[in-house]
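As they're listed, the protein sequences go chains A and B.
All residue numbers for the first sequence refer to the numbering used here, where the first residue is 1 and numbers rise by one.
All residue numbers for the second sequence refer to the numbering used here, where the first residue is 1 and numbers rise by one.
These notes are about the structure you will find just below.
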Amino acid sequence: MSIQLSKEKIDEAILTIIANGGEGILQCVQCGACSAVCPGVRAGFPVLCRLLIKKLQEGQLEEIIEETSTWGCQACNRCTEVCPQGVRPLEVVFAFRRYQAKELAISTSSTLVQMTLYERGHAVFTDAQALRESVGLPGKAPTSAYDEKAQKEIQTLMDNSPMSELGLF
Amino acid sequence: MQQFGLYLGCNIPFKAPDIEQSFRKVFPKLGIEPVDLEGAGCCPAWGTAPSFDLTTWCSLSGRNITIAEEKGLDVMIGCNSCFGILSEAKHFIDTDPKRKKAVNEKLAMINREYKGTSNIYHVSHVLHEIVGIEKIKSKLKYDLSGLTVAVQPGCHTLWPSDICHIKESNPFEPTLLRDLVETTGASAPEYSRLASCCGMGGMRSTNVEKSLGLLKTKLLSIKEELNPDLIVTTCSSCFLQFDMSQPLLKERDLIDFEIPVLYATQLLALAMGFNPKEVAAISKVNRDVVIDDIQSEKRLI
Ligand code: SF4
Ligand code: SF4
């Protein structure tokens, strides 16, 4: 399939990525070093690293909004380590994820986590008091989990963020 | 005694508190006092704020770091994901005055200020660089000679090396965890997929099959090349993946073995003689045989 390049679309895609933290996108020369070390690519998520950047450089933004590869990114930063151009590809992947998230193109498994984070200050929380006591620890961990002041602080930060507009918590 | 702010994250206190207990037992014996960071929350995990907004991520991470700053302490972290997230957030805040200003405007709403005075260490960094191999050796009660260990350092302490306070000389051939394990007398040989990803993290919540595929490849290489008695990791996420997913792979006939898994401080705690019911009590893959072996009379030093 041939792709019609449009300057407007390219600008929109590049500016969106830069605005979301992927400043390095313009430096990418498509060498593929990042994809060669990417565990996401190895596992079979095709649109990560080089290919994701290529699509974005071609101005495909809305076209790939439902792409799930980005959510398979491990944030391991192998790509950042090897990129000869200083692109920091993880930041481009996450910039695209942020664009997806703002449009609510996120996996449903991710929504519950935002609620738990908002309520307890922890993305992962299970009431583990008995388990903790069984290994000789106080039942309540000294974290935000049982600390209302800490929870309030975290809620204030989240309420006053773009995340609050998405209705996830 | 040198103090460090102990940042717990989510997985360790709620899913693997025996790992937390191993920190609390091992460090004081090595001259390090872990100090609780009361009210610290989630780092926040990659799938939450970092996937939505950079400044919100940095504010939530920054808030955690201010708790250590107020105590005048560096931060010590046992989960690689938390280590990566807090280290990167610190890097973003420290290297960009505009971001620092934006973060502090947010933090002012909750009467906090990020200053940038606390460094971020991983538990393995503190053990290797601050405590040191010789000191650890001097505190051991059991000699683990003859045991073979496959090490799993995990991704986020290795890359990107430019933001790590303590660095491997080559992050694609990491040696720090091998050194730590070999302190006990056990051997921790290199294997071809030592630095490969275990498949935990975003990948596992997005596509379990793909995640298990990576784990299987890694496990088969471990089994074939080392046939180890144990897998030892310094990442709580890797720990959970290896421990909970081996039974799954076995159930599906994708592997025909299970290798017991320990977090590195659990291995040290056992070798120091601490009670396994406190420091290594919770796992899916049975570890009784290897734990009994570690703490057997014949190994007493
Ligand atoms: S950070 Fe993401 S994109 Fe980069 S190598 Fe790791 S999994 Fe791949
Ligand atoms: S390694 Fe860097 S320059 Fe090469 S394709 Fe990846 S992002 Fe582009």
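Backbone N, C-alpha and C fix where the C-beta goes; we use that ideal spot for every residue, glycine too.
Just to make sure I have the definition right: I need the residues of chain B whose C-beta is within less than 7 Å of the C-beta of residue i. Which are they?
{"i": "residue 115 of chain A", "result": "The contacting residues do not exist; residue 115 of chain A stays about 10 Å from chain B at best."}
{"i": "residue 80 of chain A", "result": "159, 160"}
{"i": "residue 153 of chain A", "result": "63, 110"}
{"i": "residue 36 of chain A", "result": "None at all; the shortest Cβ gap to chain B is about 12 Å."}
According to DSSP, is residue i helix, strand or coil?
{"i": "residue 256 of chain B", "result": "coil"}
{"i": "residue 145 of chain B", "result": "coil"}
{"i": "residue 202 of chain B", "result": "helix"}
{"i": "residue 5 of chain B", "result": "strand"}
{"i": "residue 99 of chain A", "result": "helix"}
{"i": "residue 68 of chain A", "result": "coil"}
{"i": "residue 126 of chain A", "result": "coil"}
{"i": "residue 187 of chain B", "result": "strand"}
In chain A, what lies closer than 9 Å to residue i by C-beta?
{"i": "residue 104 of chain B", "result": "The premise fails here: residue 104 of chain B is roughly 12 Å from chain A at the closest Cβ pair, so nothing lies under 9 Å."}
{"i": "residue 50 of chain B", "result": "75, 94, 97, 98"}
{"i": "residue 21 of chain B", "result": "132, 135, 136, 137"}
{"i": "residue 13 of chain B", "result": "122, 128, 132, 137, 141, 142, 143, 145"}
Regarding residue i and ligand 2, is the C-beta to nearest heavy atom distance less than 7 Å?
{"i": "residue 241 of chain B", "result": "no"}
{"i": "residue 32 of chain A", "result": "yes"}
{"i": "residue 50 of chain A", "result": "yes"}
{"i": "residue 57 of chain A", "result": "no"}
{"i": "residue 46 of chain A", "result": "no"}
{"i": "residue 171 of chain B", "result": "no"}
{"i": "residue 152 of chain B", "result": "no"}
{"i": "residue 84 of chain A", "result": "yes"}
{"i": "residue 131 of chain B", "result": "no"}
{"i": "residue 19 of chain B", "result": "no"}
{"i": "residue 10 of chain A", "result": "no"}
{"i": "residue 222 of chain B", "result": "no"}
{"i": "residue 18 of chain A", "result": "no"}
{"i": "residue 77 of chain B", "result": "no"}
{"i": "residue 53 of chain A", "result": "yes"}
Taking only heavy atoms of ligand 1 into account, decide whether any of them is closer than 7 Å to the Cβ of residue i.
{"i": "residue 40 of chain A", "result": "yes"}
{"i": "residue 77 of chain A", "result": "yes"}
{"i": "residue 89 of chain A", "result": "yes"}
{"i": "residue 2 of chain B", "result": "no"}
{"i": "residue 60 of chain A", "result": "no"}
{"i": "residue 74 of chain A", "result": "yes"}
{"i": "residue 93 of chain A", "result": "yes"}
{"i": "residue 37 of chain A", "result": "yes"}
Please list the partners that residue i has in chain B, where partner means a Cβ-to-Cβ separation under 8 Å.
{"i": "residue 27 of chain A", "result": "Here the premise fails: no neighbours, minimum Cβ distance about 15 Å."}
{"i": "residue 4 of chain A", "result": "Near residue 4 of chain A there are no residues of chain B at all, since even the closest Cβ is about 30 Å away, more than 8 Å."}
{"i": "residue 96 of chain A", "result": "What residue 96 of chain A touches in chain B: nothing, since even the nearest Cβ is about 10 Å away."}
{"i": "residue 147 of chain A", "result": "38, 39"}
Along chain A, in chain order, which residues have C-beta atoms closer than 8 Å to that of residue i?
{"i": "residue 319 of chain B", "result": "Residue 319 of chain B is absent from the structure shown; chain B starts at 1 and stops at 301."}
{"i": "residue 90 of chain B", "result": "Ordered by position in chain A, no residue passes the 8 Å Cβ test against residue 90 of chain B, which lies about 15 Å from the chain."}
{"i": "residue 79 of chain B", "result": "In chain order: nothing, as chain A lies at least about 10 Å away."}
{"i": "residue 156 of chain B", "result": "75, 76, 77"}
Could you tell me which chain B residues have their CB closer than 9 Å to the CB of residue i, listed as they occur along the chain?
{"i": "residue 171 of chain A", "result": "Residue 171 of chain A is absent from the model: chain A starts at 1 and stops at 169."}
{"i": "residue 167 of chain A", "result": "Result: empty, since nearest Cβ-Cβ is about 13 Å, beyond 9 Å."}
{"i": "residue 156 of chain A", "result": "106, 109, 110"}
Could you check whether the Cβ of residue i sits closer than 8 Å to any Cβ belonging to chain C?
{"i": "residue 18 of chain B", "result": "Chain labels in this structure do not include chain C; the protein chains are A and B."}
Please report the Cβ distance between residue i and residue j, rounded to the nearest whole angstrom; I am assuming they are in contact, meaning their Cβ atoms lie under 8 Å.
{"i": "residue 113 of chain A", "j": "residue 47 of chain B", "result": "6 Å"}
{"i": "residue 257 of chain B", "j": "residue 156 of chain B", "result": "Their Cβ separation, rounded to whole angstroms, is 28 Å, which puts residue 257 of chain B and residue 156 of chain B out of contact at 8 Å."}
{"i": "residue 120 of chain A", "j": "residue 145 of chain A", "result": "5 Å"}
{"i": "residue 86 of chain B", "j": "residue 64 of chain B", "result": "6 Å"}
{"i": "residue 136 of chain A", "j": "residue 278 of chain B", "result": "5 Å"}
{"i": "residue 123 of chain B", "j": "residue 78 of chain B", "result": "5 Å"}
{"i": "residue 59 of chain A", "j": "residue 9 of chain A", "result": "3 Å"}
{"i": "residue 35 of chain B", "j": "residue 5 of chain B", "result": "5 Å"}
{"i": "residue 37 of chain B", "j": "residue 131 of chain B", "result": "Going by Cβ atoms, the distance from residue 37 of chain B to residue 131 of chain B rounds to 20 Å, so no, they are not a contact pair."}
Check whether the Cβ of residue i lies closer than 7 Å to any heavy atom of ligand 4, and answer yes or no.
{"i": "residue 29 of chain A", "result": "For ligand 4, the structure offers nothing, since it holds only ligand 1 and ligand 2."}
Residues of chain A with CB closer than 7 Å to the CB of residue i, please, in chain order.
{"i": "residue 53 of chain B", "result": "98, 161, 162, 163"}
{"i": "residue 337 of chain B", "result": "The question about residue 337 of chain B has no answer, for chain B in this structure spans 1 to 301."}
**Length at least 3, wholly inside the region 24-103 of chain B: the beta strand (DSSP E) runs in chain order** = 32-36, 75-77
**Message:** As an exercise, report each continuous alpha helix (DSSP H) stretch of at least 4 residues that is fully enclosed by the region 214-300 of chain B, in chain order.
**Reply:** 236-251, 264-271, 276-279, 288-294
**Request:** Could you tell me which uninterrupted alpha helix (DSSP H) segments, each at least 4 residues in length, are contained entirely in the region 117-183 of chain B, listed from first to last along the chain?
**Result:** 133-138, 176-182
**Message:** Which runs of the alpha helix (DSSP H) at least 4 residues long sit entirely within the region 70-120 of chain A? Give them in chain order.
**Reply:** 78-82, 89-102, 109-120
**Uninterrupted alpha helix (DSSP H) stretches inside the region 17-61 of chain A (no shorter than 4 residues)** = 33-37, 39-43, 49-57
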